[in-house]
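Novice:
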DNA sequence: GCCTTAGTTCCATCAATCTCGAACTATTGG
DNA sequence: CCAATAGTTCGAGATTGATGGAACTAAGGC
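Chains as they are written, first to last, in the working numbering: chain F, 1 to 102; chain Y, 1001 to 1102.
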């Protein structure tokens, strides 16, 4: 089951969100999730070892950016766009709009 | 003179900007600058030692968030709002709008 | 039951970052 | 020229964060 720890929207902290997004690997993951809607961890690993990818997903989860649900043996991840936008209006949109510019 | 190194708007990097904003001290500085227009380093030190404050201003400068100009013996800092908004539309506004929520 | 798959957790290592004191630099004032 | 002011730069210590290997866990398939 999806017994992973996800913060509630009221617990989101701006600094944590910004820190989660300030890493290239995680930013890439967030962009791909934004483009594809949802994906498994493995689909976004970019050739990195599992433990690294898992670490990054954890940071994203704990910041409130990503929700992970267990689906059989794979873990599906998706952006918590609505909740994020309710708490920090326009923030994620601005980050995603900066796409391609580094 | 203001011989400090400031990146041009075309050199701004999203990750660097987000990292600069992901620290509580710097976020506080940015918010105060947004509220007051401009201020000297010392006016925003919050009781911290000079070297710490100077470090944070350097991070902000190098990310492109702040422009520092020397004015006699004091250094005046201001947000590079227009340039930032041109490069990352809505980003700074979203961060500042999240004010008071942590 | 046993093996595979998909991740997580644990651990160690290494690189960045934050903090702060001390020394240095530039500008103004006496 | 000497002192004071406002920051910067340097250097050390402590914390945080990234990376990746190895062992562990949960769910399905044979």
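Every residue gets a Cβ at the ideal spot worked out from N, C-alpha and C, and that includes glycine. For clarity, every value in this text was computed on a predicted model and none was experimentally measured.
What's the C-alpha gap between residue 47/F and residue 25/F?
Specialist: Going by the C-alpha atoms only, they are around 11 Å apart.
Novice: Quick check on this structure: which residue in 91/F, 71/F, 93/F, 22/F has the alpha carbon closest to the alpha carbon of residue 56/F?
Specialist: The option with the nearest alpha carbon to residue 56/F is 22/F.
Novice: Looking only at DSSP bridge pairs, what is residue 40/F linked to?
Specialist: 76/F.
Novice: Would you mind telling me which residues of chain F sit closer than 7 Å to residue 1059/Y, beta carbon to beta carbon, in chain order?
Specialist: Ordered by position in chain F, no residue passes the 7 Å Cβ test against residue 1059/Y, which lies about 12 Å from the chain.
Novice: Apart from the five residues just before and just after residue 1095/Y, which ones in its own chain have a Cβ nearer than 7 Å to its Cβ?
Specialist: 1021.
Novice: Alpha carbon to alpha carbon, what distance is there between residue 9/F and residue 83/F?
Specialist: The alpha-carbon atoms of residue 83/F and residue 9/F are separated by roughly 6 Å.
Novice: May I ask which residues mark the beginning and end of the alpha helix (DSSP H) holding residue 48/F?
Specialist: Looking at the DSSP string, residue 48/F is not in any alpha helix (DSSP H), and its letter there is neither H nor E.
Novice: Compute the distance between the beta-carbons of residue 1078/Y and residue 1036/Y, then report whether it is under 7 Å.
Specialist: No, Cβ-Cβ distance for residue 1078/Y and residue 1036/Y is not below 7 Å.
Novice: Determine which residues share a DSSP beta bridge with residue 67/F and list them.
Specialist: 78/F.
Novice: Closest to residue 81/F by C-alpha separation, out of 33/F, 43/F, 98/F, would be which residue?
Specialist: Closest option to residue 81/F, Cα to Cα, is 33/F.
Novice: To the nearest angstrom, how far is the alpha carbon of residue 1053/Y from that of residue 1075/Y?
Specialist: Near 12 Å, if we compare the C-alpha coordinates of residue 1075/Y and residue 1053/Y.
Novice: Establish whether the CB of residue 1019/Y and some CB of chain F are separated by less than 7 Å.
Specialist: Closer than 7 Å: yes.
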